[in-house]
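Novice: Take this structure first; my questions come after.
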């Protein structure tokens, strides 16, 4: 163990320092992002110095000192603040996001001012109406902060100023997006505008010719368009580019010989490929993305290079495009398809396909009644299948009435992962159609069909239920092979003991679960349990949380039930359920787990009992003092009986008596004062010990000793805060 570790342990083992450290960590975590609508709320916020990401939605302009000194990200949402003075920005600022500006004004702050305000600024996201004409003055623009690495204009930005060589002379910019409407003021781009060192460049609105040398050889990702007048010359795309995103163009092999990923989108016209006799894409391309944005395109059978392994096709409102047999290269491993119509013909998928994501959203069920997903539709090589189809029954949309039970996946497939998308809500459990061998099964948000016992194969280890799934489970609904189970967002049905299999290691009860947990609801062997934030049921039985738990998340916002078991203090070591669990106590003390979600009402009840106990103690102490005084009085009476015998010494004894009596009262007052102080201290210590004892017994009875990590909300954290020890 090195010196730093020793120092850390010395600090961490100090209860006071540890509590302060954890308190600051919580404050940073809770206040990391804050949004304010009024400047006064921002100024009066108690924990403003802990804000890292600040969103300001107010109308009033910000002044120097308004932004906390630790803020790293500033998000401005009001149009009136598009020209916020940079002098108000603290030196901690790393990222600024300016508002979407639709009122005709523009952002026109010279970059030289940003250089003066912060040496840490690395990301500047500008907005719709931006006027940076002043940046073309070289003496101004070369003072761009050297720390600034990213400038991004939004897609609808109106920025269209001509850029001249030397603008980015400091070479600090790594990511540059000039927006969809930037066309260099209608002028030809010159060499030297973009400096070497730039990694990602997006100029999708540029419509003039792209000459060799304009794009630096450091660029790896390029987004660009091509029209009739902006032909891409040979060698215009440097060999460093591996990702190319284009609007509809013909890309010849020789113009982009090193590109591995091409993305094609169409926002202005139809996508067409004029040469259908040979592949126009470079042979180096491994990944092709075509997203024509609701615009039709044709896909020649010879377009795709034989080296292609990953293909994404989004074909909405494109009735004529159908993938036929032989169209896709045999080396294709991954295919993602989104369409409104019948898109893939039977037996047209490559035999080596491993991953398929198929989304079918059929707008006209009468025109396209059948997508022919029948036995043999999916290749046997498929290992990961995602299906998203927007129909609610087997007989509607996807299947014709006479093919009600025709949905089938070849049981000889290598399928391991099966996912149903957000729109899928078809009852597929009429038969055992999930192939044996599937290990991961996931249902989308809208899936809400009952799961009959025995319909799921016993090879499934990971199961995610749909977000709207809210049907009671029966024994056998969840296979004995499932290890990880995640309930949906709206699940709120009682879980009877024995329903969930003992094979489970991890359970997530979703967001809306609020049902009483019985002993056995959570099976023995479960190691990780995540309780719903809506949970509001009492934890009042030993064994509700199995002893195998090592991770418990109890982030309940409003918990109104005490987690408490009545304990006989006199017999607490005799009762098996009340034995002190040293492991759990050690975890609580050493790791300072102070987010146990226990209700403070049980402690208040105990405090009332302790107050009654203290009152009883005071009563007994008063009786003892009363008895002592009576004994003293009797002794005085005995002395008085000898009065006649000692009459000659009466005066002397009387004087002595008065003297000693006064002394006794004086000593008694002093002793009584000390005794009261000592009694108050003893009562305080006893009170603290009792609270610790109560707290420990609650933990021992409810939370198993194996728990190593507890994530519990701070709403009822007062129980522990009142029992710091």
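Residue numbers (the UniProt record's numbering): 1 to 725.
All residues carry an ideal CB built from backbone N, CA and C; glycine is no exception.
A quick note: this is a predicted structure, and the numbers were derived from the prediction, not measured.
#1: Could you name the residues of the same chain whose beta carbon sits closer than 8 Å to that of residue 78, not counting the 5 residues immediately before and after it, in chain order?
#2: Let me check one thing: in DSSP terms, what residues is residue 464 bridge-paired to?
#3: Can you tell which of 181, 200, 184 and 352 has the C-alpha that lies nearest to the C-alpha of residue 383?
#4: If distances are taken between C-alpha atoms only, which option among 307, 325, 306 and 418 comes closest to residue 355?
#5: Skipping 5 residues on each side, what residues in its chain have a beta carbon closer than 6 Å to that of residue 348?
#6: On the CB-based measure, 16 or more other CB atoms within 10 Å of its CB, does residue 191 come out buried or exposed?
#7: Alpha carbons only, please: which of 24, 25, 51 and 305 is nearest the one belonging to residue 35?
#8: With a threshold of 7 Å on Cβ separation, who are the neighbours of residue 533 within its own chain once the five nearest residues in sequence on each side are excluded?
#9: Rounded to whole angstroms, what's the CA-CA distance from residue 386 to residue 466? Just pull it up for me.
#10: Excluding the 5 residues flanking residue 173 on each side, which residues of the same chain have their C-beta closer than 8 Å to its C-beta?
#11: Report buried or exposed for residue 502, applying the criterion of at least 16 other Cβ atoms within 10 angstroms of its Cβ.
#12: With the cut-off set at 8 Å, would you say residue 441 and residue 460 are in Cβ contact?
#13: For a quick check, are the C-beta atoms of residue 53 and residue 73 less than 8 Å apart?
#14: Taking its Cβ as the centre, do 16 or more other Cβ atoms sit within 10 Å of residue 346, making it buried, or is it exposed?
#15: Kindly indicate the opening and closing residues of the alpha helix (DSSP H) around residue 217.
#16: At what residues does the alpha helix (DSSP H) containing residue 30 begin and finish?
#17: Roughly how far, in whole angstroms, is the beta-carbon of residue 71 from the beta-carbon of residue 90, given that I think they are within contact range, below 8 Å?
#18: Could you check where the alpha helix (DSSP H) with residue 43 kicks off and where it finishes?
#19: Our contact map puts residue 513 next to residue 535 with C-beta atoms below 8 Å; I'd like the distance itself, whole angstroms only.
#20: Return the bridge partner residues of residue 73 from the DSSP annotation.
#21: Are residue 520 and residue 497 closer than 8 Å when you measure CB to CB?
#22: Can you give me the start and stop residues for the beta strand (DSSP E) that residue 491 sits inside?
#23: What whole-angstrom Cβ distance do residue 160 and residue 181 have, given they're in contact under 8 Å?
#24: State the DSSP-derived secondary structure class of residue 699, mapped to helix, strand or coil.
#25: Quick check: the Cα distance between residue 360 and residue 61, rounded to an integer number of angstroms?
#26: Which same chain residues, not among the five before or five after residue 75, have their C-beta less than 6 Å away from its C-beta?
#27: Rounding to the nearest angstrom, what Cα-Cα distance links residue 727 and residue 335 in this structure?
#28: Give the secondary structure of residue 419 by DSSP, where H, G and I count as helix, E and B as strand, and everything else as coil.
#29: Give the straight-line distance between the Cα atoms of residue 307 and residue 415, rounded to the nearest whole angstrom.
#30: Taking residue 288 and residue 329 to be in contact with their CB atoms under 8 Å, please state how far apart those CB atoms are, rounded to whole angstroms.
#31: Would residue 458 be called buried (16 or more neighbouring beta carbons within 10 Å of its own) or exposed?
#32: Return the residue from the list 447, 500 and 214 that minimises the CA-CA distance to residue 489.
#33: For residue 286 and residue 312, what's the separation of their Cα atoms in angstroms?
#34: Would you mind sorting residue 179 into buried or exposed? The rule is 16 or more other CB atoms within 10 Å of its CB.
#35: Would you mind working out which of 546, 493 and 166 sits nearest residue 527, comparing C-alpha positions?
Specialist: Reading from the atomic positions:
#1: Here residue 78 is taken as the residue at index 78 of the chain shown, counted from 1. So the list reads 56, 57, 58, 59 and 99, once near-sequence residues are dropped.
#2: Position 464 of the chain shown holds residue 464. Bridge partners of residue 464: 442 and 486.
#3: Locating residue 383 in the chain shown gives position 383, where the first residue counts as 1. Closest option to residue 383, Cα to Cα, is 352.
#4: One-based indexing of the chain shown puts residue 355 at position 355. Taking only the C-alpha atoms, the option nearest residue 355 is 418.
#5: Sequence index remark: in the chain shown, residue 348 carries index 348 (1-based). Excluding positions up to five away in sequence, the list reads 323, 324 and 325.
#6: Taking the chain shown and counting its residues from 1, one reaches residue 191 at position 191. So residue 191 counts as exposed.
#7: The residue you call residue 35 lines up with position 35 of the chain shown. Per the Cα distances, 51.
#8: In the chain shown, the residue the question calls residue 533 occupies position 533. For residue 533, where only same-chain residues beyond five positions count, the Cβ hits under 7 Å are 511, 555, 556 and 557.
#9: On the chain shown, position 386 is the one that residue 386 refers to. On the chain shown, position 466 is the one that residue 466 refers to. If I take the Cα positions, the gap works out to 14 Å.
#10: To locate residue 173, count along the chain shown from 1; it is residue 173. Excluding sequence neighbours, residue 173 sits near 144, 148, 149, 150, 151, 195, 197 and 198.
#11: By one-based count along the chain shown, residue 502 stands at place 502. Counting Cβ neighbours within 10 Å, residue 502 comes out exposed, since fewer than 16 surround it.
#12: Taking the first residue of the chain shown as position 1, residue 441 is located at position 441. Taking the first residue of the chain shown as position 1, residue 460 is located at position 460. The answer is yes: Cβ separation under 8 Å.
#13: One-based indexing of the chain shown puts residue 53 at position 53. One-based indexing of the chain shown puts residue 73 at position 73. Going by C-beta atoms, residue 53 is nearer than 8 Å to residue 73.
#14: Here residue 346 corresponds to residue number 346 of the chain shown, with the count starting at 1. By the neighbour-count rule (16 or more Cβ atoms within 10 Å), residue 346 is not buried but exposed.
#15: Translated into positions along the chain shown, residue 217 becomes position 217. Looking at the DSSP string, residue 217 is not in any alpha helix (DSSP H), and its letter there is neither H nor E.
#16: One-based indexing of the chain shown puts residue 30 at position 30. Here the alpha helix (DSSP H) through residue 30 covers 15 to 30.
#17: Counting from one through the chain shown, the residue named residue 71 turns up at place 71. Counting from one through the chain shown, the residue named residue 90 turns up at place 90. Correct: roughly 6 Å between the Cβ atoms.
#18: Counted from its first residue, the chain shown places residue 43 at position 43. Counting along the chain, the alpha helix (DSSP H) containing residue 43 begins and ends at 39 to 44.
#19: Taking the chain shown and counting its residues from 1, the one referred to as residue 513 is at position 513. Taking the chain shown and counting its residues from 1, the one referred to as residue 535 is at position 535. Confirmed, about 6 Å.
#20: The residue you call residue 73 lines up with position 73 of the chain shown. According to DSSP, which records beta bridges pairwise, residue 73 is partnered with 53 and 95.
#21: Here residue 520 is taken as the residue at index 520 of the chain shown, counted from 1. Here residue 497 is taken as the residue at index 497 of the chain shown, counted from 1. Against a cut-off of 8 Å, the Cβ pair of residue 497 and residue 520 comes out as a contact.
#22: Taking the chain shown and counting its residues from 1, one reaches residue 491 at position 491. For residue 491, there is no enclosing beta strand (DSSP E), as DSSP marks it with neither H nor E.
#23: Sequence index remark: in the chain shown, residue 160 carries index 160 (1-based). Sequence index remark: in the chain shown, residue 181 carries index 181 (1-based). Correct: roughly 6 Å between the Cβ atoms.
#24: The residue labelled residue 699 in the question sits at position 699 within the chain shown. Since pLDDT at residue 699 reaches only 47, below the 50 mark, its modelled position is unreliable, and no value is offered.
#25: Along the chain shown, read from residue 1 onward, the residue named residue 360 stands at position 360. Along the chain shown, read from residue 1 onward, the residue named residue 61 stands at position 61. Cα to Cα, the separation comes out at about 49 Å.
#26: Position 75 of the chain shown, counted from the start, is the residue given in the question as residue 75. These residues qualify, in order along the chain: 55 and 97.
#27: What is shown of the chain runs 1 to 725, which leaves residue 727 out entirely.
#28: Taking the chain shown and counting its residues from 1, one reaches residue 419 at position 419. Strand.
#29: The sequence position of residue 307 within the chain shown is 307, counting from 1. The sequence position of residue 415 within the chain shown is 415, counting from 1. The alpha-carbon atoms of residue 307 and residue 415 are separated by roughly 24 Å.
#30: By 1-based counting over the chain shown, the position of residue 288 is 288. By 1-based counting over the chain shown, the position of residue 329 is 329. Not really, about 10 Å apart at Cβ, beyond 8 Å.
#31: Within the chain shown, residue 458 is the residue found at index 458, counting from 1. Under this definition residue 458 is an exposed residue.
#32: Position 489 of the chain shown, counted from the first residue, corresponds to residue 489. Of the candidates 447, 500 and 214, the one whose C-alpha sits nearest the C-alpha of residue 489 is 447.
#33: Looking up residue 286 in the chain shown gives position 286. Looking up residue 312 in the chain shown gives position 312. If you draw a straight line from the Cα of residue 286 to the Cα of residue 312, it is about 12 Å long.
#34: By 1-based counting over the chain shown, the position of residue 179 is 179. By the 10 Å Cβ count, residue 179 comes out buried.
#35: Taking the chain shown and counting its residues from 1, the one referred to as residue 527 is at position 527. Closest by alpha carbon: 546.
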